[in-house]
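Right, one structure below, let's go through it.
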Ligand code: 6GU
């Protein structure tokens, strides 16, 4: 899978993909991430990418031309399954959306800033709009990094059996049960006996009951449906 990220702050993507599962997925060829600086496409000598809002309201808006030229260039090179705009007024990201997107070949992620992007970009290029939650970030970059991580780890083969996505919180609609490692007794704090019993059926039942209980207590809304 190939993910193209369009941003005015490319340096914000230097960290998030260079460790752990995502790093390994890229090294093994499961995913490619390409970062593009929108400013490089500004057709004016000051490399300006934003301008005042028509109609007088305060704030700046990202201009059509630099983003349109960048998207046109990428679309001339390959076919994109989705051109996604990260925006607080988008559909809220869920595990279901991440699952859908992980099946695609090529996707583009556009990070917004200031008051937003010129509406004509949304009308003519954007196929999907995603938010990562009901709070305000300074821009779409961190949201794009979150979305990218959530997608890449779901690409078949990226996670081994041990870290299978099937045991993740939300993948089965439940939160994960508590987990423990050695020692089985730390200064009198003991691991539940059942987990040391070796009885696979009892352990499986215990984990399921714990997941259900945790979900009921913390996120009851997840159980309706
Ligand atoms: Cl995608 N962008 C911004 N600026 N803020 C957000 C967001 C996106 N998702 C949640 N908050």
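In my numbering, the protein residues as written are 1088 to 1312.
Where is the CB? At the ideal position from N, CA and C, for every residue including glycine.
Residue i - DSSP class collapsed to helix/strand/coil
{"i": "residue 1196", "result": "strand"}
{"i": "residue 1105", "result": "coil"}
{"i": "residue 1121", "result": "strand"}
{"i": "residue 1237", "result": "helix"}
{"i": "residue 1329", "result": "Residue numbering for the chain in the displayed model covers 1088 to 1312; residue 1329 lies beyond these limits and cannot be assessed."}
{"i": "residue 1269", "result": "coil"}
Cβ-heavy atom distance, residue i to the ligand 6GU, below 7 Å
{"i": "residue 1146", "result": "no"}
{"i": "residue 1223", "result": "yes"}
{"i": "residue 1230", "result": "yes"}
{"i": "residue 1203", "result": "no"}
{"i": "residue 1181", "result": "no"}
{"i": "residue 1213", "result": "no"}
Cβ pair residue i, residue j closer than 8 Å
{"i": "residue 1136", "j": "residue 1148", "result": "no"}
{"i": "residue 1146", "j": "residue 1222", "result": "no"}
{"i": "residue 1165", "j": "residue 1193", "result": "yes"}
Of the listed residues the options, nearest to residue i (C-alpha basis)
{"i": "residue 1102", "options": "1259, 1185, 1157 and 1235", "result": "1235"}
{"i": "residue 1091", "options": "1182, 1296, 1168 and 1283", "result": "1168"}
{"i": "residue 1173", "options": "1281, 1301 and 1208", "result": "1208"}
{"i": "residue 1182", "options": "1237, 1210 and 1301", "result": "1237"}
{"i": "residue 1130", "options": "1277, 1150, 1203 and 1199", "result": "1150"}
{"i": "residue 1153", "options": "1098, 1205, 1214 and 1228", "result": "1205"}
{"i": "residue 1118", "options": "1110, 1197 and 1257", "result": "1110"}
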